[in-house]
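Numbers in the working numbering are just positions in the sequence shown, counted from 1, shifted up by 839. C-beta atoms are modelled at their ideal positions from N, C-alpha and C, and glycine is treated no differently.
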Amino acid sequence: MTRYKLRPAGWPEGKRLRLAVLSDIHVGSGYMPVSRVGEIVDQTNLLKPDLILLLGDFVASRDWRPGDPRPAEWAAELARLQAPNGCFAVLGNHDWWHDERAQRARNGPTLAGAALQAVGIPVLENEALKLDTVAGPIWLAGLGDQWAFPRWLQPPGRRGPHRGIDDLASTLAMVTDDAPLILMAHEPDIFARAPARIALTLSGHTHGGQVRLFGWSPVVPSRYGNRYAYGHIVEEGRNLIVTAGLGVSSKMPIRLGAPPEIVLIELG
840 MTRYKLRPAG
850 WPEGKRLRLA
860 VLSDIHVGSG
870 YMPVSRVGEI
880 VDQTNLLKPD
890 LILLLGDFVA
900 SRDWRPGDPR
910 PAEWAAELAR
920 LQAPNGCFAV
930 LGNHDWWHDE
940 RAQRARNGPT
950 LAGAALQAVG
960 IPVLENEALK
970 LDTVAGPIWL
980 AGLGDQWAFP
990 RWLQPPGRRG
1000 PHRGIDDLAS
1010 TLAMVTDDAP
1020 LILMAHEPDI
1030 FARAPARIAL
1040 TLSGHTHGGQ
1050 VRLFGWSPVV
1060 PSRYGNRYAY
1070 GHIVEEGRNL
1080 IVTAGLGVSS
1090 KMPIRLGAPP
1100 EIVLIELG
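Here's what the structure looks like:
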């Protein structure tokens, strides 16, 4: 477990909120069986968070195999997460990449998203909700995935750069007052153009570099490299927390210097 304590600009005096953050579970094969998902859920519930946020990449970073758990199986475990102010999710790039129907249609719903919705976990996709929490009203926004349609899965003759379904402008347009705003975005790159109105941006995707030597990772799946690879980043008074997540990439099934983590954030 990794803990952070901070009071972002504009956070109400004396109001505290405990967030548990899980990301990049990558269920599948021997690295993350459903039984381990259940253990992670139990550990998270013991933290007694006020709000639980799931930052995407629920599926393995490869095509589904017959021996892999069905989405309904791991979703049933995640449904046991308990927090008085709710549990919310966004999807990650692998939730899109390894969904053949979604890639063909260039549209959702994805299998991962449908499984979460079926067990009562809302999936926010370019959507902002106002929540009544123990710290008072806050806005929770979820950004659509920024890498949903990669170049190599686009039809021949129409291949361009990665295309996402993210729409930050329309998401922020749903925020109608000055209550604190928390943004969930699977990839951290959006932080480079996130406005100061956002009290805290939460991301995963990088796995903390997955292999991290003396605070530096040779490979980070971000156009900004190590700038947003891991941890609490502050730029111009704006706050980003990037979790190393819980699973591994199928291309590099090892972690070194970037252990899997449950993140607990104490705001206020």
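Reduced DSSP category for Trp850 - H, G, I as helix; E, B as strand; rest coil: In the structure shown, Trp850 sits in coil (DSSP, three-state: anything other than H, G, I, E or B).
In terms of alpha-carbon separation, which member of Arg855, Phe1053, Ser1042 lies closest to Tyr832? Because the chain in this structure spans residues 840 to 1107, residue 832 falls outside the shown range and cannot be described.
Which residue wins for smallest C-alpha separation from Val873, given the options Ala915, Leu885, Trp991? Ala915
Which of the three DSSP states, helix, strand or coil, is assigned to Arg1051? coil
Going by DSSP, which residues form a beta bridge with Ile1104? Residue pairing by DSSP places Ile1104 opposite Tyr843, Leu858 in a beta bridge.
Where in the stretch 925–974 do unbroken runs of the alpha helix (DSSP H), each at least 4 residues long, occur, reported from the N-terminal end onward? 932–936, 939–944, 950–957
In three-state terms, what does DSSP make of Trp986? coil
Would the stretch 854–861 count as touching the stretch 890–899 if we require 3 or more Cβ pairs under 8 Å? yes
For Leu1085, report the span of its alpha helix (DSSP H) as first-last. Premise fails: Leu1085 is in no alpha helix (DSSP H) and is neither H nor E.
Give me the Cβ distance between Ala1033 and Arg1062, rounded to the nearest whole Å; I'm assuming they're in contact under 8 Å. The Cβ separation is near 15 Å, so there is no contact.
Assuming Leu992 contacts Trp936 under a Cβ cut-off of 8 Å, what Cβ separation, rounded to an integer in Å, is found between them? That pair is a contact at about 7 Å.
Have a look at Gly1048 and Lys854 and give me their C-alpha separation to the nearest angstrom. 33 Å
Are Gly959 and His1025 close, meaning C-beta to C-beta below 8 Å? No; because the gap between Cβ atoms is not below 8 Å, this pair is not in contact.
Assess contact between the stretch 841–848 and the stretch 1087–1105, defined as three or more Cβ pairs (one per stretch) separated by less than 8 Å. Is contact present? yes
What are the boundary residues of the alpha helix (DSSP H) that Ile879 is part of? 873–885
So what's Pro888 in DSSP terms, helix, strand or just coil? coil
Collapsed DSSP secondary structure at Leu1022 in the structure displayed: strand
Could you tell me which residues DSSP puts in a beta bridge with Pro905? In DSSP, Pro905 forms no bridge with anything.
According to DSSP, is Arg1062 helix, strand or coil? coil
State the Cα-Cα distance for the pair Leu1011 and Val1081, rounded to the nearest angstrom. 21 Å
So, are the CB atoms of Gly1070 and Arg846 less than 8 Å apart? At least 8 Å separates the beta-carbon of Gly1070 from that of Arg846.
Rounded to whole angstroms, what's the CA-CA distance from Pro905 to Ala954? Just pull it up for me. It is roughly 18 Å from the alpha-carbon of Pro905 to the alpha-carbon of Ala954.
Rounded distance between the beta-carbons of Trp913 and Val876, thought under 8 Å: 5 Å
Can you list, in chain order, the residues of its chain with a C-beta nearer than 7 Å to that of Ala1031? Leave out the 5 residues immediately preceding and following it. Tyr1063
Identity of the residues DSSP links to Gly866 by a beta bridge: In the sequence as presented, Gly is not what sits at residue 866; that position holds Val. BP columns for Val866 point to Val898.
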